[in-house]
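Okay, so here's the structure we're looking at.
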Amino acid sequence: MESDSKKSFVSLIQQNQGIVNSLCRLYATSNEEMKDYRQDVMLSLWKGFPKYREESKVSTWIYRVALNTLISIYRKKKQVLITEPFSESIESIHFQNSGSDDDLLVLQQAIGFLKPLEKALVILYLEGYDNKEIGKILSISESNVSTKLNRIKTQLKKTVKTLQNESR
Amino acid sequence: MNLDKLKPTWEQFKVIHAMDEMDESDILSCLEPKKQETHFRISKRIAQNALVFSFLIMTLSGGCSI
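Chains as they are written, first to last, in full-length UniProt numbering: chain X, 1 to 168; chain V, 1 to 66.
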């Protein structure tokens, strides 16, 4: 029974590893930390897997479990966010892509400045969820989502301007 | 700032990180070590409690002599 369950879990993760890896990358400050986070997220997903009843999309379930796990890790650690450690992943992106490196840099660096919950809000917004769905996933009210997203947009505007000025 | 402009970039970001493939053994290994760690922690706690308990038994077994 457990081996069947493990098999279906493995295939589910393999189909959605882009989501898991991207989320862990955006929350981690180094490659080692990224691997640790990924393990924690996998464990949370595995623990919640028996309760997952396909009522929501697989990706929505993964976002909910993964983001809440990453936010709680951050709350425990009480880390101060800095942007420097993203350089490792930025290098790898440069290596693989030549088209829109600037956009990827802006995405990573700008999101890197945000607090854990704010990061989750932006990620879910970029993923195309509406405020109601975001609120459900992160267990906050719809109005709170809307207020926070407006604040984040203003903050990102400033961050992007600063980053662009620094790169000139 | 219009966050919608970053939507295609987010898609690209996910595609790039999907390339960092994990095979079945990688995924399963993520589930195993922490289990062992938990078992180790539980056994350690049991051993500690047993030590404290036996110490208390040894020191207090004389009873109360009035």
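Note that beta-carbon positions come from the ideal geometry of N, C-alpha and C, so glycine has one too.
Close beta carbons around residue i, own chain, < 6 Å, minus the five adjacent residues each side
i       : result
Ile42/V : none
Met34/X : Cys24, Arg25 and Ala28
Coarse secondary structure for residue i, derived from DSSP in three states
i        : result
Met19/V  : coil
Lys77/X  : helix
Ala28/X  : coil
Ile71/X  : helix
Asn131/X : helix
Ser56/X  : coil
Lys115/X : coil
Asn2/V   : coil
Ile13/X  : helix
Thr147/X : helix
Leu56/V  : helix
Gly48/X  : helix
Ile140/X : coil
Ser61/V  : coil
8 Å contact criterion, which residue i and residue j should meet: CB distance rounded
i        : j        : result
Ser22/V  : Gln17/X  : Looking at the sequence itself, residue 22/V is Met, so the reference to Ser does not match. Indeed they touch by this definition, with Cβ atoms about 6 Å apart.
Val145/X : Gly135/X : 5 Å
Lys153/X : Leu3/V   : 6 Å
Asn131/X : Glu142/X : 5 Å
Ile71/X  : Pro116/X : 5 Å
Asn21/X  : Asp20/V  : 5 Å
Residue from the options whose Cα sits closest to the Cα of residue i
i        : options                                   : result
Ile11/V  : Tyr125/X, Asp130/X and Lys35/X            : Note on identity: in this sequence residue 11/V is Glu, with Ile being the wrong assignment. The option with the nearest alpha carbon to Glu11/V is Tyr125/X.
Phe113/X : Thr147/X, Lys158/X, Ser72/X and Glu142/X  : Lys158/X
Tyr74/X  : Leu105/X, Tyr37/X, Ser44/X and Leu43/X    : Tyr37/X
Leu28/V  : Ser3/X, Lys51/X and Ser30/X               : Ser3/X
Lys6/X   : Gly48/X, Asn165/X, Asn31/X and Glu133/X   : Gly48/X
Asn68/X  : Leu163/X, Asn165/X, Leu138/X and Glu166/X : Leu138/X
Asp102/X : Gln14/X, Glu32/X, Glu166/X and Gly128/X   : Glu166/X
Other residues of its chain near residue i: CB distance less than 7 Å, five sequence neighbours each side excluded
i        : result
Ser59/X  : Asn16 and Ile19
Ile111/X : Leu26, Lys119 and Val122
Leu156/X : Ala110
Ser8/X   : none
Trp46/X  : Phe9
Leu12/X  : Val58
Residue i beta carbon near the ligand FAD (any heavy atom closer than 6 Å)
i       : result
Ala66/X : Of ligands this structure carries none, so the ligand FAD is not represented either.
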